[in-house]
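Heads up: the structure comes next, in structure tokens.
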Amino acid sequence: MNRRQLFAFIGAAVASLLLTLSLSFLPSSNVVAQSNGTVLVSAAASLKDVMEEINTAYKQSNPGVTIKYNFGASGALLQQIQQGAPVDVFISAAKRQVDTLEQSGQLVAGTRGVLAKNRLVLIVPKSVTGVTSFFNLTRDNIKKIAIGEPRSVPAGQYAEQVLQKLGIYNKVKAKFVYANNVRQVLAAVEAGNADAGLVYRTDAKISDKVKVVVAADEKYHSPIVYPMAVLKRSKNVDAAKNFIQYLSREQSQGILKKYGFLLP
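The sequence shown runs 0 to 263 under numbering that gives the first Met the number 0.
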């Protein structure tokens with residue numbers, strides 16, 4: 000090998016080494032891809048309005064990520080997940096559903112948190128007068144009481160707990176009209192298809208067709224919390240984690256407060 004060939008060989012080797020070193024400091028293509036794309040969020044029906052506004056704010060600082068929501072009863076959403084639905088983030092209206100996923104090892108470690116809290120309230124159509132407490136539900140003129148289906152709707156479970164604690168459950172259970180989620184309870188009272196209903200305070204707040212009679216004493220029901228977590232099946236874990244973190248930041252918390260949610 001002559002001197003010219005030797006210098007050419009050394010130059011090529013140095014260039015190759017420098018290229019290798021520079022690439023080692025760059026993020027992998029997988030990491031770049033995970034910071035973008037779509038995040039599928041299954042969330043309790045009572046979160047619909049607030050989550051859509053939070054999404055609008057989130058897009059401004061995360062233009063490469065698309066958030067797609069699936070709203071429904073927490074129990075029904077859990078069942079979908081257990082049946083293999085492609086979900087990245089789950090936000091329930093009760094601990095039980097997220098506990099179930101955690102106990103079966105389906106959550107990404109360290110991602111579980113509490114989004115917000117809520118209150119359960121008794122509502123009636125705005126035109127109704129004379130109803131001032133839960134005990135008025137036993138009256139003959141209150142013929143239909145809308146509540147969420149307790150087997151799948153946490154608001155329905157909380158409603159049953161309250162009525163049992165007050166000692167009037169057996170007196171009013173024949174009047175129950177069951178709904179598939181808490182927003183359907185609200186709609187039934189708004190339309191006059193029920194004389195009263197039990198919903199979250201945040202649901203009543205978005206309607207101008209109902210009025211709140213009274214809020215249930217929190218000692219009469221399980222804590223109303225909205226746990227959230229990233230699922231291991233997620234195909235976009237980094238973006239899902241980023242969205243979960245965003246929900247705990249000041250801007251998101253301000254939107255939650257605006258809609259009447261209580262911060263954890």
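Glycine is no exception: its CB is placed at the ideal position from the N, C-alpha and C atoms.
Predicted, not measured: the structure shown is a model, and the values here were computed from it.
Identified DSSP bridge partners for residue i
i, result
"GLY196", "ILE122, ALA145"
"LEU106", "LEU230"
"TYR177", "ILE146"
"ILE66", "VAL38"
"LYS240", "DSSP output for LYS240 lists no bridge partner at all."
"PHE89", "SER41, ALA228"
Where residue i falls, given that 16 or more other Cβ within 10 Å makes a residue buried
i, result
"GLN213", "In the sequence as displayed, the identity of residue 213 is Val instead of Gln. The residue is exposed, with fewer than 16 neighbouring Cβ atoms inside 10 Å."
"LYS67", "exposed"
"PHE134", "exposed"
"THR55", "exposed"
"THR201", "buried"
"GLY83", "exposed"
"GLN183", "buried"
"LEU262", "exposed"
"PHE8", "Because the pLDDT at PHE8 is just 41, under 50, the model does not fix this residue reliably, and the value given afterwards should be weighed accordingly. So PHE8 ends up on the exposed side."
"ASP293", "Absent from the structure is residue 293, since the part of the chain shown begins at 0 and ends at 263."
"ASN117", "buried"
"SER45", "buried"
"PHE24", "In this prediction, PHE24 has a pLDDT of 35, which is less than 50 and means its spatial position is unreliable; what the coordinates show is noted afterwards. By the 10 Å Cβ count, PHE24 comes out exposed."
"PRO26", "Residue placement at PRO26 is poorly supported in this model, since its pLDDT is 36, which falls under 50; the coordinates still yield a value, given next. The residue in question, PRO26, is exposed, as its Cβ has fewer than 16 Cβ neighbours within 10 Å."
"ASP139", "exposed"
DSSP three-state assignment for residue i, whether helix, strand or coil
i, result
"LYS210", "strand"
"VAL97", "helix"
"TYR258", "coil"
"ALA72", "coil"
"GLY253", "helix"
"VAL113", "strand"
"THR55", "helix"
"GLY166", "coil"
"GLY155", "helix"
"ASN61", "coil"
"ASN135", "helix"
"GLN82", "coil"
"ALA190", "coil"
"ASP216", "coil"
"THR201", "helix"
"VAL264", "Past the edges of the chain, shown from 0 to 263, lies residue 264, and the structure says nothing about it."
Given residue i as reference, the closest of the options once Cα atoms are compared
i, options, result
"LYS143", "ASN54, VAL209, GLY191", "GLY191"
"ARG95", "VAL107, GLY83, VAL113", "VAL113"
"ALA178", "ALA84, SER221, ALA158", "ALA158"
"PRO226", "SER73, THR137, TYR219, VAL236", "SER73"
"ALA92", "ILE80, GLY71, LYS174", "GLY71"
"GLN105", "ILE167, ALA228, GLN163", "ALA228"
"LYS170", "VAL211, VAL161, TYR258, THR137", "THR137"
"THR37", "ALA108, VAL86, LEU77", "VAL86"
"LEU165", "LYS257, VAL120, TYR219", "TYR219"
"ALA43", "ALA193, ILE205, PHE89", "PHE89"
"ALA195", "ILE122, ASN69, GLY109, GLU52", "ILE122"
"TYR258", "LYS172, SER206, ASN69", "SER206"
**Report entry** At least 3 beta-carbon pairs within less than 8 Å: the region 148-165 vs the region 225-233
**Finding:** A contact is defined here as three or more CB-CB pairs under 8 Å, and the region 148-165 fails this definition with respect to the region 225-233.
Query raised in the report: Quick check: the region 186-194 against the region 90-101, are there 3 or more CB pairs under 8 Å?
Result: Flag = no, the region 186-194 and the region 90-101 do not touch.
Query raised in the report: Is there contact between the region 123-133 and the region 54-61, where contact requires at least three CB pairs shorter than 8 Å?
Result: No, because fewer than three Cβ pairs between the region 123-133 and the region 54-61 fall closer than 8 Å, the two stretches do not touch.
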